[in-house]
Amino acid sequence: AQKVTQAQTEISVVEKEDVTLDCVYETRDTTYYLFWYKQPPSGELVFLIRRNSFDEQNEISGRYSWNFQKSTSSFNFTITASQVVDSAVYFCALLMTTDSWGKLQFGAGTQVVVTP
Amino acid sequence: SQTIHQWPATLVQPVGSPLSLECTVEGTSNPNLYWYRQAAGRGLQLLFYSVGIGQISSEVPQNLSASRPQDRQFILSSKKLLLSDSGFYLCAWTEGQGNYGYTFGSGTRLTVV
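Chains as they are written, first to last, in this note's numbering: chain A, 20 to 135; chain B, 4 to 116.
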């Protein structure tokens, strides 16, 4: 069985503070993919990043960065110098390549609230 | 480029009434299609998925059904809505096994009264 855990239900920060969202996953597969999605108040899910299990290189995209550590089964997401527009629910998700149906397993999500 | 359309955006329906939500994808062929529901709170629950016309798999037994009458059309239905069917419904598509992630529609907010 596989599972994605986002232990933080809600994180509140003041603008310009950094915020780190934790994601811990469980899978027995050696090949898998991890994703982060953003859900703003409008509801639509926006793709942020995809990482395969063989690529542990950390990634930075503007104010966003991701730390993938297979040793601890974690794929954490950091927003640097947060802005009010970052307020949203963020989902971590897992896809096993052995799943021919392509079913993403989502975590429960973390609500990020950025106040001015 | 590929796009996904989902409608309606908002729907208020009385208990016992039928439901039909539609999702269409443009710019690709033979996509994998999915229906998710987001009930109270934030969790995303996979309801149905389809890898081809007429091929529907259900993840959770419930009051809903899905159909795929055309390659790029996915429909979520119910004959009689329950209060518990209220939620935010998202359609999504992916190519192949989904290695590159899903693209989601804009969602339908359903309130059953």
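Don't be surprised by glycine CBs; every beta carbon is placed ideally from N, CA and C.
Decide yes or no for the touch test of the region 41-49 of chain A against the region 91-98 of chain A: beta carbon pairs closer than 8 Å, at least 3 of them.
yes
Does the separation of the CB atoms of Gln16 of chain B and Leu93 of chain B fall below 8 Å?
In the second sequence, counting from the first residue as 1, residue 16 of chain B sits at position 13. In the second sequence, counting from the first residue as 1, residue 93 of chain B sits at position 90. Result no, Cβ atoms of Gln16 of chain B and Leu93 of chain B do not sit closer than 8 Å.
Let's see if you can read the secondary structure: which residues bound the beta strand (DSSP E) around Ile30 of chain A?
By 1-based counting over the first sequence, the position of residue 30 of chain A is 11. 29-33 is the extent of the beta strand (DSSP E) around Ile30 of chain A.
Using DSSP bridges, identify the partner residues of Gly90 of chain B.
For this step, residue 90 of chain B is matched to residue 87 along the second sequence. DSSP lists B:Leu113 as partners of Gly90 of chain B.
Out of curiosity, what's the CA-to-CA distance linking Ile68 of chain A and Trp55 of chain A?
Here residue 68 of chain A is taken as the residue at index 49 of the first sequence, counted from 1. Here residue 55 of chain A is taken as the residue at index 36 of the first sequence, counted from 1. Taking the Cα positions, Ile68 of chain A is about 5 Å away from Trp55 of chain A.
Under the three-state DSSP convention, the category Thr24 of chain A falls into
Taking the first residue of the first sequence as position 1, residue 24 of chain A is located at position 5. Look at Thr24 of chain A here: in three-state DSSP terms it is strand.
Name, going along the chain, the residues of the region 92-110 of chain B whose beta-carbon falls closer than 8 Å to a beta-carbon of chain A.
Closer than 8 Å at the C-beta level to chain A, one finds these residues of the region 92-110 of chain B: Leu93, Ala95, Thr97, Gly99, Gln100, Gly101, Asn102, Tyr103, Gly104, Tyr105, Thr106, Phe107, Gly108, Ser109, Gly110.
Which chain B residues are close to Val108 of chain A, counting only those with a beta carbon under 8 Å from its beta carbon?
As a first step, residue 108 of chain A is located in the first sequence; it is residue number 89 there, counting from the start. Within 8 Å Cβ-Cβ: Arg45.
Using a Cβ cut-off of 8 Å, pull out every chain B residue sitting near Thr39 of chain A, in sequence order please.
Numbered from 1 along the first sequence, position 20 holds the residue referred to as residue 39 of chain A. What Thr39 of chain A touches in chain B: nothing, since even the nearest Cβ is about 18 Å away.
Cross-chain neighbours of Leu49 of chain B in chain A, by beta carbon under 9 Å
Locating residue 49 of chain B in the second sequence gives position 46, where the first residue counts as 1. The contacting residues are Lys122, Leu123, Gln124, Phe125.
Could you tell me whether the Cβ of Gln7 of chain A comes closer than 8 Å to any Cβ of chain B?
No statement about residue 7 of chain A is possible, as the shown extent of chain A runs from 20 to 135 and does not include it.
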